[in-house]
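Chemist: Quick one: the structure is below, questions incoming.
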Amino acid sequence: MLLKKLSISLITVVSLLLPSFQVFGADVILGGQSIGIELDYEGVMITGTYEISIDNHTYDPASDGYMTGDLITHVNHQKVESISELMQAVKTNVESNQDIILTLKRDQQTIEKGLKFQTKDNQFTTGLYVQDGLTGIGTMTYYNPENHHFGALGHMMYDTSLSSQMVIKNGTIYNSYVKKIKPSQNGNPGEKIADIGSIEIGTLFDNNNYGIYGQYTDITEQLQTISTASMDEVELGEAYFLTVLDGHQVSRCSIRITNLKKQNEPAVKGITFEITDKKVLSLTNGIVQGMSGSPIIQNNKLVGCVTHVDMNNVHQGYGLYIDWMLKNDK
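Read left to right, the sequence shown gives residues -25 to -1, 1 to 305 (mature numbering (1 follows the signal peptide of the UniProt record, and there is no 0)).
What follows is the structure in structure tokens.
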């Protein structure tokens, strides 16, 4: 049996240093909306293995060198891009008593391996757990009306359950409906519980250390246009971010910026802040997963976005300067 497993990881951030540069302010459309994100593998990812019985002997594909993170791209040289295509290709070859050779992509290598399977009552099992995509919830940071691009999350999205941190560049974003909030606790960040809707908002062309970026479709609702602030304009003190805590309603969350790192090159934790909004704290008890990308506003300018939480003090969070998001929006 082939099982599909989905994983959400919207807080972890990986650093990448790029050359220094100067960023000029831009006028963008302010985000804050909850979004559903679907990233598509160019194949089917192996997420684990399990034991099956072949000729009364226990067999685990891991013993044949199959590894978590391997990407299945072909079955007997037939290209597969989804679980349904993989299952159909394997089924066809099983029924015709053909040997099955899987083409795997592992890092920069291409590997071919024979696939063993167990048959019982006209059903087959392979000992492989697989998934054909990655799904998560996050927050839109901005829309750029000049080029119809969007920026969201403020960090890379990848599957933390895999030993291989394969970067997926392509995907789709949808509207999202927040049903409830699981509050954070020190050492255990909470999360937004949300449904991904059916309305497509845009398509992704990049997923990097500073967010997800893509082309958005026409925006039907009237949203606020806002200027972005350079890093030098951001100050210690009062600010707020926008995020969805219930349904589709964008809420304002008051914060106090407590530390600023002046950076000559992209890096995380440029902005340190703490939530001061008692109403929001009563619902979330701090930063929760799904807030990633929430736009931070100070002095009527977009200064950055929420990226992750302080695990030891969930009332405290970190943000990415909007400068770095504009630089990575290509």
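Glycine included, C-beta positions come from ideal geometry on N, C-alpha and C. Keep in mind the model is a prediction, meaning the values are calculated, not measured.
1. What is the C-beta distance between LEU79 and ASP45, in whole angstroms, given that I count them as a contact (C-beta under 8 Å)?
2. Does DSSP put ALA1 in a helix, in a strand, or in coil?
3. Per DSSP, residue 307 forms a beta bridge with which residues?
4. Is DSSP giving VAL50 helix, strand or coil here?
5. Exposed or buried, what is SER59 when buried is set at 16 or more other beta-carbons lying within 10 Å of its beta-carbon?
6. Thinking C-alpha only, which one of VAL255, ASN287, SER229 is nearest ASN274?
7. Going by CA-CA distance only, name the one from ILE271, GLN160, ASN183, ASN145 that's closest to ALA204.
8. With C-beta atoms as the reference, is GLY111 less than 8 Å away from MET131?
9. What's the call for VAL142, buried or exposed, on a 16-neighbour Cβ count within 10 Å?
10. Return yes when the Cβ of GLY11 is within less than 8 Å of the Cβ of ILE171, no when it is not.
11. Among the candidates VAL289, GLY18, GLU196, GLN160, whose CA atom is the shortest distance from the CA of ILE176?
12. Output the residue ranges of the beta strand (DSSP E) runs that lie fully inside the segment 85 to 165 and measure 3 residues or longer, sorted by chain position.
13. Anyone know if the C-beta pair for GLY294 and CYS280 falls short of 8 Å?
14. Suppose contacts are defined by Cβ-Cβ distances below 8 Å. Is THR147 in contact with GLY7 by that definition?
15. Spell out the partners DSSP gives GLU213 in its beta bridges.
16. Where DSSP assigns a beta bridge to SER202, which residues make up the other side?
17. What does the alpha-carbon distance come out to for the pair SER28 and THR101?
18. In the DSSP assignment, find the beta strand (DSSP E) that holds LYS80 and state where it starts and stops.
19. Counting C-beta neighbours from all protein chains within 10 Å, is the total for ILE297 16 or more, i.e. buried, or is it exposed?
20. What span of residues does the alpha helix (DSSP H) with ILE10 cover, start to end?
21. My assumption, with CB atoms under 8 Å, is that PHE125 sits in contact with TYR191. Please give the rounded CB distance.
22. Let me know the secondary structure DSSP gives ASP221 once reduced to three states.
23. Can you tell me the Cα-Cα spacing of SER9 and LEU128, whole angstroms?
24. Specify the secondary structure class of GLN63 as computed by DSSP and reduced to three states.
25. Please classify HIS223 as buried or exposed, where buried requires at least 16 other C-beta atoms within 10 Å of its C-beta.
26. Sorted by chain position, which residues of the same chain lie with C-beta nearer than 6 Å to LEU211's C-beta, five sequence neighbours on each side aside?
27. Under the three-state reduction of DSSP, which class applies to GLU240: helix, strand or coil?
28. From what residue to what residue does the alpha helix (DSSP H) around ILE297 run?
29. Go ahead and pull the three-state DSSP assignment for GLU196.
30. Could you tell me the alpha carbon to alpha carbon distance between GLU26 and GLU13, rounded to whole angstroms?
31. Can you give the Cα-Cα distance for ILE174 and ASN150, rounded to whole angstroms?
32. Just the Cα atoms here: how many angstroms apart are residue 307 and ASP30?
33. Quick one: give me the first and last residue of the alpha helix (DSSP H) that THR259 is part of.
34. Please identify the residue among ASP285, GLU166, ASP82 whose C-alpha is closest to the C-alpha of THR43.
Modeler: Reading from the atomic positions:
1. 5 Å
2. coil
3. Residue 307 is absent from the model: the chain starts at -25 and stops at 305.
4. strand
5. exposed
6. SER229
7. ILE271
8. no
9. exposed
10. yes
11. GLU196
12. 93 to 95, 98 to 100, 103 to 119, 124 to 127, 146 to 157
13. yes
14. no
15. ARG231
16. ASP2, LYS276
17. 10 Å
18. 76 to 81
19. buried
20. Premise fails: ILE10 lies in the beta strand (DSSP E), 9 to 24, not in any alpha helix (DSSP H).
21. 5 Å
22. strand
23. 10 Å
24. helix
25. exposed
26. ILE232
27. coil
28. 297 to 303
29. coil
30. 30 Å
31. 6 Å
32. No answer is possible for residue 307: the residues shown for the chain start at -25 and end at 305.
33. 253 to 259
34. ASP82
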